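To start, the structure under review is shown below, and the notes come after it.
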Amino acid sequence: MRFDVFTLFPEMFTGPLQESIIKRAQERGLISVHLHNIRDYAAGRHRITDDAPYGGGGGMVMKPEPIFAAVEAVLGDEKGVPVILLSPQGRLFTHQVAKELSRHPRLALICGRYEGVDERVREHLATDEISIGDYVLSGGELAAMVVIDAVTRLLPGVLGDPGAAFEDSHAWGLLEYPHYTRPAVFRGWGVPEVLLSGNHAAIARWRREQALRRTLERRPDLLERAVLTEEDRAFLARLGWPKTPESDKPT
Ligand code: ADE
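Residues 598 to 848 (the numbering used here) make up the sequence shown, in order.
In structure tokens:
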């Protein structure tokens, strides 16, 4: 998978790209990340990349010409590459979106800055627009790094344990079960007995129930779309899910 990132601040990526799983994925040739400074494509001695908004008001807007020039120079005639604008106005980034993006051999990521990006970038250059959450960052760089990280984890061979991404929180639409490691007792707090039992069927059932319970407590909205078995539904029913008008009544 090749990522082409268009940014005014390429150095924001150097730390995160040089650590851990993302570093190893690059060393093993599973991904490559190419950072392109939009300023290098700006015209004139001053290489200006932003300007005042038409119609007045505060702040600056990123000019369209350097962004178009950068993306067109780098992508050339290659067709079908998603050109993703990172912005708080995009569709929400989820595990499903990461999976969808992971099927492409190449992605282009445009990081917006300042008050915004000239609308013609959104209309005529970007093919997709993604937000990583309902808050405003200073720019799209951290969001692009989130996308690179989440997509890379899903690529075959990136995680040492092939089951790891499969088991992750959200992979099945549920939050993950709790994890424990040695010592069996820490400051008087023990590990749940079942995990020490060696009974693999009981452990698998406990983990599934914990995932269901945790999702119900923290993110009940996820249960609506999760892949649930009859056994899962029976377990959730005992916890009072789904809520019926009847169960809402005071007792
Ligand atoms: N740029 C600024 N805020 C953002 C967000 N929430 N997601 C993606 N890009 C952004």
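Backbone N, C-alpha and C define an ideal beta-carbon position, used for all residues, glycine too. Because the structure is a prediction, the values reported are computed rather than measured.
Spatial distance of residue i from residue j (CA atoms)
| i | j | result |
| --- | --- | --- |
| VAL733 | PRO685 | 6 Å |
| ALA808 | GLY641 | 57 Å |
| VAL671 | ARG816 | 41 Å |
| ARG784 | ARG636 | 55 Å |
| LEU717 | TYR638 | Here the sequence assigns Arg to residue 717, which means Leu is not the residue at that position. Distance between the alpha carbons of ARG717 and TYR638 is about 17 Å. |
| TRP803 | HIS797 | 10 Å |
| HIS692 | LEU836 | 26 Å |
| GLU608 | GLY626 | 21 Å |
| LEU736 | GLU712 | It is worth fixing the name first, because residue 736 is Gly in this sequence and not Leu. Each residue's Cα considered, the two are about 9 Å apart. |
| ARG599 | SER699 | 10 Å |
| LYS660 | PRO780 | 57 Å |
| PRO702 | ASP746 | 15 Å |
| ALA666 | THR724 | 16 Å |
| THR826 | ASP647 | 53 Å |
| MET742 | PHE610 | 7 Å |
| PHE603 | CYS708 | 6 Å |
| ARG805 | TRP769 | 11 Å |
| SER794 | ARG811 | 22 Å |
| LEU819 | ASP829 | 14 Å |
| GLU814 | GLY754 | 34 Å |
| HIS643 | GLY655 | 22 Å |
| LEU722 | GLY760 | 37 Å |
| GLY787 | GLY730 | 36 Å |
| PRO839 | HIS767 | 20 Å |
| ILE619 | THR841 | 45 Å |
| ILE645 | GLU764 | 47 Å |
CB-CB length for residue i against residue j, believed under 8 Å
| i | j | result |
| --- | --- | --- |
| LEU752 | ALA823 | No, LEU752 and ALA823 are not in contact; Cβ-Cβ is about 24 Å, not under 8 Å. |
| PRO679 | ALA705 | 7 Å |
| VAL658 | VAL714 | 7 Å |
| LEU682 | ARG710 | So it is not a contact: roughly 12 Å between Cβ atoms. |
| SER852 | GLN623 | Nothing about residue 852 can be reported from this structure: the residues present for the chain run from 598 to 848 only. |
| LEU605 | ASN634 | 7 Å |
| TYR777 | LEU792 | 6 Å |
| VAL744 | PHE690 | 6 Å |
| GLU726 | GLY687 | 4 Å |
Exposure of residue i, with buried meaning 16 or more beta-carbon neighbours within 10 Å
| i | result |
| --- | --- |
| SER728 | buried |
| VAL782 | exposed |
| ASP855 | The structure shown has nothing for residue 855, since the chain only spans 598 to 848. |
| ASP674 | exposed |
| THR749 | buried |
| PRO663 | buried |
| ALA799 | exposed |
| ASP601 | buried |
| GLY652 | exposed |
| ALA649 | exposed |
| ALA740 | buried |
The ligand PLP heavy atom lying under 7 Å from the CB of residue i
| i | result |
| --- | --- |
| LEU683 | Here the bound small molecules are the ligand ADE; the ligand PLP is not part of this structure. |
**OP:** At 4 residues or longer, and completely inside the stretch 731-774: list those alpha helix (DSSP H) runs for me, N to C.
**Re:** 738-750 and 761-764
Original post:
At what residue ranges does the stretch 706-731 contain a whole run of the beta strand (DSSP E), taking only runs of 3 or more?
Top reply: 725-728
**OP:** Please list the segments of the beta strand (DSSP E) lying wholly inside the stretch 660-686, counting only runs of 3 or more residues, in order along the chain.
**Re:** none
**OP:** With a floor of 3 residues, list each beta strand (DSSP E) that falls wholly inside the stretch 609-659, ordered by position along the chain.
**Re:** 629-634
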